[in-house]
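Taken in order, these protein sequences are the chains called D and S.
Under our numbering, the first residue of the first sequence is numbered 219, with each subsequent residue one higher.
Under our numbering, the first residue of the second sequence is numbered -5, with each subsequent residue one higher.
Each residue gets a CB set at the ideal place from its N, CA and C atoms; glycine is no exception.
Report on one structure; see the data block that follows.
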Amino acid sequence: MMIRRFSAVLVMCFTMNLSGYDLTGYFQNWTAVRAVDDHEILLSRNRFRMDMIKSSASGRAYSSIDFTSHGMGTGDDFEMTIRELYLDVYIRNWDIRIGKQQVVWGKADGVFVNDIVNPLDLRFFLLQDFEDIRMGSPMIRANGYFGSSKLELLWIPVFEPWKFAPPGTPWSFPEVSASTINDLTVNMIREDHELPDRRLKNSEWGLKFSTFLLGTDLSLLYFDGFQDRPSVYVKSFEQTDTVLTLNLIPTFDRSPMVGINFSKPLAGILIRGEGAYFRDARFNRQALPGVFVEKTVSDFVQGVLGIDLTGPFGSSLSFQYLKREILDYSPTIIGSSESETWITGMFTGSFWNENAAIRFLALYDRENESGLVQADASYNINDALNAGVGLVGIWGGESLSSSQFNFGVFRNNDMVYLKLTYSY
Amino acid sequence: MAEERRHDKILKGYAMKKILVPAVLASLGFGQMTGLDIMTRVDNNPEPRSLANKLEMILIENARGRIKERKRNITRNIKNYETGKYKSKSLIRFHSPPDVKGTGFLMWEYRSDQEDDQWLFLPALGRPRRIIAREKSSSFMGSDLSYEDLGGREIDQDTFELTGHDVIEGDSCYVVRAVPNEKGSTYSKRVYWIDAERWILRKVEFYDRKNRLFKIMNIEEFRFDDPYWTTLLMNVENVQTGHKTIMRISDVQYDFGIGDDFFTERYLVRNQ
Chain D
219 MMIRRFSAVL VMCFTMNLSG YDLTGYFQNW TAVRAVDDHE ILLSRNRFRM DMIKSSASGR
279 AYSSIDFTSH GMGTGDDFEM TIRELYLDVY IRNWDIRIGK QQVVWGKADG VFVNDIVNPL
339 DLRFFLLQDF EDIRMGSPMI RANGYFGSSK LELLWIPVFE PWKFAPPGTP WSFPEVSAST
399 INDLTVNMIR EDHELPDRRL KNSEWGLKFS TFLLGTDLSL LYFDGFQDRP SVYVKSFEQT
459 DTVLTLNLIP TFDRSPMVGI NFSKPLAGIL IRGEGAYFRD ARFNRQALPG VFVEKTVSDF
519 VQGVLGIDLT GPFGSSLSFQ YLKREILDYS PTIIGSSESE TWITGMFTGS FWNENAAIRF
579 LALYDRENES GLVQADASYN INDALNAGVG LVGIWGGESL SSSQFNFGVF RNNDMVYLKL
639 TYSY
Chain S
-5 MAEERRHDKI LKGYAMKKIL VPAVLASLGF GQMTGLDIMT RVDNNPEPRS LANKLEMILI
55 ENARGRIKER KRNITRNIKN YETGKYKSKS LIRFHSPPDV KGTGFLMWEY RSDQEDDQWL
115 FLPALGRPRR IIAREKSSSF MGSDLSYEDL GGREIDQDTF ELTGHDVIEG DSCYVVRAVP
175 NEKGSTYSKR VYWIDAERWI LRKVEFYDRK NRLFKIMNIE EFRFDDPYWT TLLMNVENVQ
235 TGHKTIMRIS DVQYDFGIGD DFFTERYLVR NQ
């Protein structure tokens, strides 16, 4: 089926009149090998990206399509993905975008505080490039411009959840399948998630007001949507004297968010921040025997403060401090700590007249004493061809009753990788 | 007799040079102008209210005899303000190479000492990002021009001295040395060759902090688009590394009435 779709797109591209269209994209190979133990191939991805743009004074048509072959790692072999496909229409002081698109709310790098509009592709944990980790969603977005202010309205008809690696693959999150409580073995069977019915009442919508005030970029946000991570309910259970088996269904619940973000340069440093308050977020907690797992409701806040500095030779340095807090926390809550603190740092530099670049990224979860470091170097062989090498180190415990992204789960996935990209 | 005529001729020729040439030079003001006068005259050249052009940069690297060329294509739109809090606003769009295609850079420059406001749009990032001014010494897009070179200089930022005269392609030039008044400049000095008739730059030598020749910029082609002079071709060579940048400017438009709203996030993210 996929081969037929791919072939159909290729035939279409070669037969249609592409004059006046701007065609760009790349061919890329990304191969990663586990750095320790058995040197398993953790990633072997080949991708062909094709972006097509047609612009005029009154609007724009844009499409971005990926043809990807996953060698190993996600369990998928070949996929064709429409990353974005939309039409822009410019009417007076309004720009309206209709179609599948990515929307980036927020000022942070590598962490998602206000940036909750699109679901994330976590099939390679947090290791994908920023432009690939966010999945486009079909929506209508309208931006109205009023002097130095902007009003953004979103309507997303159908909710889509985050995507995870299939069970049993190197980047899949393990799920608790059995535990013992008071000599009772509890087996948990997690079934496929249930999505909200495709009805108008289950659509998501958002509102963002941005302005430039006293040298500060400031935005106020409201998003009425579903939590990206599901919580489970017990569909059925069977119990004997020694074994309790629970059949769990992950479902998604609505949790409206109000947020704020800003960025401002001050004395040669850029200060930026985001904050978000989620109402009626759902978490799972241990319950009394008979109904082992149930949902509980609590408001939830998260925020990040960051600074950016520049240095000589095109270098830049940034730091971020992130805090998450469940406001009505109970020790019986499963899978989430009362608070999480992350510290991140990133350094980038270029040299040899920007022929070469280096990047160093570190993410640290203070509560769980776990984290990730990534270092890579790339070189432009010519204007089209870029070669890069990198390594990733991950550490931490494997406890699941912790953070939103538990690094320790993948502590054995330290890896070395090569990336070769031909851009056109 | 013949020898005497030859001797007289020599004497007369010498006298002519000693009298005539200084008189001509004096009439051109060579003997009276200071370095500051000359640079002020250049600074007073009319500036367009708005400007758009295309810029092609060819970066040439010569590594052990192997030549490697890279190309950058950019469009620029600039609006200058005669009054008000803004000095200028500019929107730059990168069209090549492929990995930077669609990148946009928006800058608001203030008349006061206030730091410029700058935003960068990377299509991969999906949103405009507020940035702080790059370190002055950083290379612009891998070229031999730094952000300090592109930033332009106010007349009071340097101390000028007229050091001599020269000829470039048959055109008389003043040679003016400029020493930065502020600390932290990338250069210990610049030496400008100013066209004595047209009052435009023809050549610049840049010296590093150790007073060694660092870069040479030559303006090779220019055109008078009344009342503005347009540079059409220039090259910059880093004499210490051998790297060279050739810049071709084309599709130049002046004073075409661009609105303020063009220099906003809306057009930065339009990626057109």
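Secondary structure of residue i, DSSP reduced to three states
i      : result
N38/S  : coil
E214/S : strand
R260/S : helix
P356/D : strand
Q234/S : coil
I561/D : strand
V246/S : strand
I599/D : coil
I351/D : helix
M241/S : strand
P174/S : strand
P483/D : strand
Q445/D : coil
V331/D : coil
Within 8 Å, strictly: CB atoms of residue i and residue j
i      : j      : result
L156/S : M27/S  : yes
L114/S : R123/S : yes
G377/D : F480/D : Note that residue 377/D is Phe in the sequence shown here, rather than Gly. No, Cβ-Cβ distance for F377/D and F480/D is not below 8 Å.
G98/S  : I86/S  : yes
T562/D : A575/D : no
L540/D : V329/D : yes
I283/D : I271/D : no
T224/S : I210/S : no
G644/D : L303/D : In the structure as shown, chain D starts at 219 and stops at 642, and residue 644/D therefore has no counterpart that could be examined.
L45/S  : M241/S : no
L466/D : V450/D : yes
P40/S  : Y186/S : no
G608/D : S588/D : no
L260/D : A275/D : no
M101/S : Q112/S : yes
L372/D : F427/D : no
Cβ-based burial, residue i [other Cβ within 10 Å; buried from 16]
i      : result
P384/D : exposed
T153/S : exposed
N56/S  : exposed
L241/D : exposed
N600/D : exposed
I190/S : Here the sequence assigns Ala to residue 190/S, which means Ile is not the residue at that position. Its Cβ being crowded by 16 or more others within 10 Å, A190/S is buried.
A485/D : exposed
P91/S  : buried
G354/D : buried
Q234/S : exposed
L144/S : exposed
Y280/D : buried
G158/S : exposed
Residue i to residue j span [Cα, whole Å]
i      : j      : result
T429/D : E231/S : 43 Å
A172/S : V610/D : 49 Å
Y261/S : G253/S : 11 Å
R472/D : A499/D : 7 Å
L523/D : L545/D : 20 Å
G521/D : V331/D : 6 Å
R192/S : T239/S : 25 Å
L425/D : N361/D : 10 Å
Y248/S : N74/S  : 11 Å
K513/D : Q504/D : 9 Å
L348/S : I68/S  : This structure cannot speak to residue 348/S, because chain S is shown only from -5 to 266.
M268/D : I32/S  : 54 Å
L195/S : G606/D : 42 Å
F625/D : L581/D : 9 Å
W654/D : F441/D : For residue 654/D there is no data in the structure shown, the boundaries of chain D being 219 and 642.
R66/S  : H257/D : 41 Å
Near the ligand MN: residue i beta-carbon under 7 Å from a heavy atom
i      : result
V476/D : The ligand MN is absent from the structure shown, which contains no ligands of any kind.
At a CB distance below 8 Å, what residues from the stretch 251 to 263 of chain S approach chain D? Give them in sequence order.
D255, T258, E259, R260
Short-range partners of chain S found in the stretch 595 to 620 of chain D, where Cβ spacing is below 8 Å:
N598, N600, D601, A602, N604
Going along the stretch 348 to 365 of chain D in order, which residues come within less than 7 Å of chain S, judged by CB to CB distance?
F348, E349, Y363
Near-chain S residues of the stretch 522 to 548 of chain D (beta-carbon distance less than 7 Å), N- to C-terminal order:
Flagged, chain order: D526, T528, G529, P530, F531, G532.
Taking Cβ-Cβ distances below 9 Å as the criterion, which residues of the stretch 570 to 597 of chain D are in contact with chain S?
Residues are counted here when their Cβ sits less than 9 Å from a Cβ of chain S; for the stretch 570 to 597 of chain D these are W570, N571, E572, N573, given in chain order.
If you measure beta-carbon to beta-carbon, which residues of the stretch 322 to 338 of chain D are closer than 7 Å to chain S?
V322
Residues within the stretch 148 to 165 of chain S neighbouring chain D, beta-carbon criterion of under 8 Å
none
For the stretch 458 to 491 of chain D, enumerate the residues whose C-beta is nearer than 8 Å to any C-beta of chain S, in chain order.
For the stretch 458 to 491 of chain D, the set of residues with a beta-carbon nearer than 8 Å to any beta-carbon of chain S comprises S481, K482, P483, G486, I487, L488, R490, in chain order.
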